[in-house]
Structures are given as C-alpha cells and as structure tokens.
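Here our numbering is used: position 71 in the sequence shown is 83, and no number is missing along the way. Ideal Cβ placement from N, Cα and C applies to all residues, glycine included. Only one structure is covered here, and it is reproduced in the block below.
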Amino acid sequence: MSESKSQLEFVHYQSPPGQSELKGPAEGCGYQIYKAAGKHSNKRATIAGGGSSIGRAIAILFGMEGADSFIAYLPPKKRRTQLGNDILVNNAAYHKMRGDASTNKVSKHQWFHTLATSIHPYFYLSKYATPHLSPGSIVISNAYINTYIGRPDLLDHNSTKGAIVSFMRGLSNNYVSRGIRANAVAPGMFTSSRGRLARPSDIATCFVFLAGRTIHANGRVVVNG
C-alpha cells in the first residue's frame, strides 16, 4: 500500500550542532525502547560531535551500555589525558544544502569550512588519541550513504564523507598490528521528528555493535539506511 506524500514528510527541528542542551535524552533518540545489556561496562569513550542527532543518540546508548563518555560538542578545553582510550567516535560534521550546488556556486569559504569541520578533526583526533589507544580499542567514523550516491546539492559534504571512508580504511591498516580496529558507519536518511525513516538511535546501534567484541570487523563500512 502506497504512503501519501504527507506521511513521508518530516520536519528537521534540531538546533545547530554544538548548541543543543545535554540535560537529558532528546525526543526520538529511542532510549525508551532500547534494551541495554552492559556491553561497554568499564570502557571509556570519546565522542566528537555528540551534541545532537546521531552523536547525541550514540552518547546516550553508550551510557546505557555502561561506558564513561567524554562528549566534545564545542571547542574542548579538557586535558588530552581525559580522552577515552577504548572507543573513539568521529562524528563532527557541517553541511549546507543548496538548490544549485554546481561547482561554481560553492564558495571557497564554504568549501574550506566544510573540510575544516568534517574531515580535519577526524585526522587530528585519531592522531592525538593514538598514544592512548590499547589493543582492543576501536575508532568509529561517521560517513554518509551519499558517499556512494553523489547528491549534487551536497558537493562539499559528500567529498568529506568519501575522504572519511578512505581515511578509515588506511587507518585500519595502520592500526592492525597493534590490535586496534577502525570502521565506519554510513547512515541513510533519518529523522528525529515525525515520519518513520530512521531514528538517530537506529543509526547509533551500529556504533554500539562495532564498539563491542566484533573483532573481525575492521576497515569496513556499515551502510545503515
């Protein structure tokens, strides 16, 4: 049975990344239906971009699973020694949709800002977290399904997500001799308001799974959605 157009529409109501309050679970994060099993008890996690949407859901689910998480959603002033040494989640991103996003319509400022926000932190966090990672640790990066589609209205954003996949695969080969894994999740369309495509918690469960004892998943991309 076909859905009506109105049933498929949803409203993206979230405030910009880094400006969301973190006082409690957000509507749509799915914490009420998620059944935790203590998968990450006594683990420490660092989540970059954990202030809203998928990042927020990851932080909530990791907490429900027993992890002690350091959430970076504004420029951090914490000491590096406070970073988690079991799980590193790279989730920070910026995108600006345009109706006409042909190459000559994307400004140099937007291009460099997108790269500075959506790929550079992945390198720097991985670089400076490396001394604190021990065998059994994992780095999980958030890519995007449009890496494989190439939406014309997200030219700069798509480019960073493709770079993330390549970076993650190189990182997995770099880390393998130390017993450290690197994987990525490529979410599809999701909403945290009306409509039923996927909730942030639906995406976050992939991060919970990869951060667990799935030792054979390395250098892989989980496409979710």
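As the crow flies, the alpha-carbon of aspartate 80 is around 15 Å from that of isoleucine 150.
Counting C-beta pairs with one atom in each stretch, the stretch 63–82 and the stretch 176–192 have fewer than three that are closer than 8 Å, which means they do not touch. If the five residues before and after tyrosine 134 are omitted, its C-beta is found closer than 7 Å to the C-beta atoms of Asn102, Ser153, Ile176, Phe179, all from its own chain and listed in chain order. If you keep only unbroken beta strand (DSSP E) runs of at least 3 residues inside the stretch 131–177, you get 150–154. Taking the CA atoms as reference points, arginine 225 sits about 30 Å from threonine 129. Beta bridge pairing from DSSP links isoleucine 99 with Ala57, Ile150.
One thing to note: glycine 182 has its Cβ no nearer than 7 Å to the Cβ of asparagine 170. Under DSSP, the beta-bridge partners assigned to isoleucine 83 are Ile59. By DSSP's assignment, alanine 196 forms a beta bridge with Ser153, Val233. Between alanine 194 and valine 233, the C-beta spacing is not below 7 Å.
A distance below 7 Å between beta-carbons, with the five flanking residues on each side excluded, links alanine 60 to the following residues of its chain, in chain order: Ala84, Val101, Asn102, Asn103, Ala104, Pro133, Leu137.
Apart from the 5 residues on each side of it in sequence, lysine 120 has no Cβ closer than 6 Å to any other Cβ in its chain. Looking at the backbone, the Cα of alanine 71 and that of valine 118 are separated by about 33 Å. In the DSSP annotation of this structure, the continuous segment of the alpha helix (DSSP H) that includes serine 213 starts and ends at 212–222.
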